[in-house]
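Novice: Chains as they are written, first to last, in my numbering: chain A, 329 to 427; chain B, 329 to 427. Below: one structure in structure tokens.
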DNA sequence: AGCGTATTTCGCCATCTGGCGAAATACGAT
DNA sequence: ATCGTATTTCGCCAGATGGCGAAATACGCT
């Protein structure tokens with residue numbers, strides 16, 4: 329699955345989608361959880377999930393009768409926390425990168 | 329200058345703007361350089377720069393008779409390189425974050 | 001003040017995005 | 001096969017985005 333950096337940023341450049349990615353950074357969630365989290369209609373959340381999935385940010389897996397989403401690009405969670413810290417006025421610095 | 333994570337991602341979620349941010353990660357550039365880089369009209373590039381500036385991603389400083397842009401959020405450069413590596417199929421991992 | 005170059009803003013148009021309800025689909029269970 | 005629940009897709013509309021040329025602005029210099 330090819331990662332397109334622009335698509336990743338676009339995917340995260342929306343309130344609901346970033347919120348979803350941050351939540352998935354804390355653990356797996358089913359769609360119902362995420363609908364409750366972002367406060368949008370089920371179809372809208374599903375659409376946002378498909379954007380995140382197409383960008384390779386999240387992965388989905390059917391488990392029982394529901395679909396569980398997880399963060400496929402962990403560095404996104406790290407960076408998001410980094411920006412959140414910056415938003416709080418803390419000094420931001422990513423130390424190391426890929427290997 | 330308040331950092332809004334969503335605005336940062338939105339700002340970077342565009343081919344030209346990401347290209348600009350990556351270039352600024354390598355050093356300061358004037359607008360003419362960036363126009364040459366992205367291959368869009370001068371007004372369009374200027375608009376993209378204003379989006380990046382509003383998001384706090386870049387900073388501008390007048391020097392002589394031209395304006396020099398620089399990357400105001402260095403972690404963006406780190407993360408962008410990280411994603412670029414992922415796009416090349418390399419294993420991606422951000423080790424440490426804010427402090 | 002006036003000139004020239006660097007940069008931004010304006011106005012317009014075409015396209016993309018995001019919201020929702022309704023309808024369709026997928027799949028486990030009976 | 002049918003049922004029921006979980007999830008996605010469709011169709012529509014309103015508003016945002018991105019492109020450009022033309023016009024406006026900003027500033028250093030003489």
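From the three backbone atoms N, C-alpha and C, an ideal C-beta is built for every residue, glycine too.
(1) Is residue 401 of chain B helix, strand or coil by DSSP?
(2) Is there contact between the region 381-398 of chain B and the region 406-415 of chain B, where contact requires at least three CB pairs shorter than 8 Å?
(3) Does DSSP put residue 426 of chain A in a helix, a strand or coil?
(4) Here's the rule I'm using: 16 or more other beta-carbon atoms within 10 Å means buried, otherwise exposed. How should residue 345 of chain B be labelled?
(5) Verify the CB distance criterion: does residue 341 of chain B have a CB-CB separation below 8 Å to chain A?
(6) List the endpoints of the continuous beta strand (DSSP E) containing residue 351 of chain A.
(7) Using three-state DSSP, classify residue 387 of chain A as helix, strand or coil.
(8) In the structure shown, what three-state DSSP assignment does residue 338 of chain B receive?
(9) In or out: residue 427 of chain A buried (at least 16 other Cβ within 10 Å) or exposed?
(10) Determine the direct distance from the alpha carbon of residue 400 of chain A to that of residue 421 of chain B, and round the result to whole angstroms.
(11) So residue 361 of chain B is in the alpha helix (DSSP H); what residue range does that whole segment cover?
(12) In chain order, what residues of the same chain have a beta carbon less than 8 Å from the beta carbon of residue 404 of chain B, not counting five sequence neighbours either side?
(13) Got a sec: is the Cβ-Cβ distance from residue 362 of chain B to anything in chain A below 8 Å?
(14) So is residue 400 of chain B in contact with chain A if we call contact Cβ pairs under 8 Å?
Specialist: So, from the listed chains and residues:
(1) Taking the first residue of the second chain as position 1, residue 401 of chain B is located at position 73. Residue 401 of chain B falls in the coil class under three-state DSSP.
(2) Short answer: they don't touch.
(3) In the first chain, counting from the first residue as 1, residue 426 of chain A sits at position 98. For residue 426 of chain A, the predicted structure reports a pLDDT of 47, less than 50, and the residue's modelled location is therefore unreliable. A value from the coordinates is still provided. Coil at residue 426 of chain A, not helix or strand.
(4) Numbered from its first residue, the second chain carries residue 345 of chain B at position 17. Answer is buried; the Cβ neighbour count reaches 16.
(5) The sequence position of residue 341 of chain B within the second chain is 13, counting from 1. It does: the Cβ of residue 341 of chain B has a partner Cβ on chain A nearer than 8 Å.
(6) Translated into positions along the first chain, residue 351 of chain A becomes position 23. Note, residue 351 of chain A: premise wrong, no beta strand (DSSP E); alpha helix (DSSP H) at 343-352.
(7) By 1-based counting over the first chain, the position of residue 387 of chain A is 59. Three-state DSSP puts residue 387 of chain A in a strand.
(8) For this step, residue 338 of chain B is matched to residue 10 along the second chain. In the structure shown, residue 338 of chain B falls within a helical segment according to DSSP collapsed to helix, strand and coil.
(9) Counting from 1 along the first chain, the entry for residue 427 of chain A is found at position 99. Reliability fails at residue 427 of chain A, whose pLDDT of 44 lies under 50, so the model's placement of it is uncertain and the value that follows must be treated cautiously. That one is exposed.
(10) Along the second chain, one-based indexing puts residue 421 of chain B at 93. Along the first chain, one-based indexing puts residue 400 of chain A at 72. Rounded to the nearest angstrom, the two C-alpha atoms are 12 Å apart.
(11) For the purposes of this step, residue 361 of chain B is taken as residue 33 along the second chain, with counting starting at 1. In the DSSP assignment, residue 361 of chain B falls within the alpha helix (DSSP H) that extends over 359-366.
(12) Your numbering for residue 404 of chain B matches position 76 in the second chain. Answer for residue 404 of chain B: 336, 340, 349, 353 and 385, listed in chain order.
(13) Here residue 362 of chain B refers to the residue found at position 34 when the second chain is read from its first residue. Taking Cβ atoms only, chain A never reaches closer than 8 Å to residue 362 of chain B, which makes this a no.
(14) Counting from one through the second chain, the residue named residue 400 of chain B turns up at place 72. Not one chain A Cβ lies under 8 Å of residue 400 of chain B.
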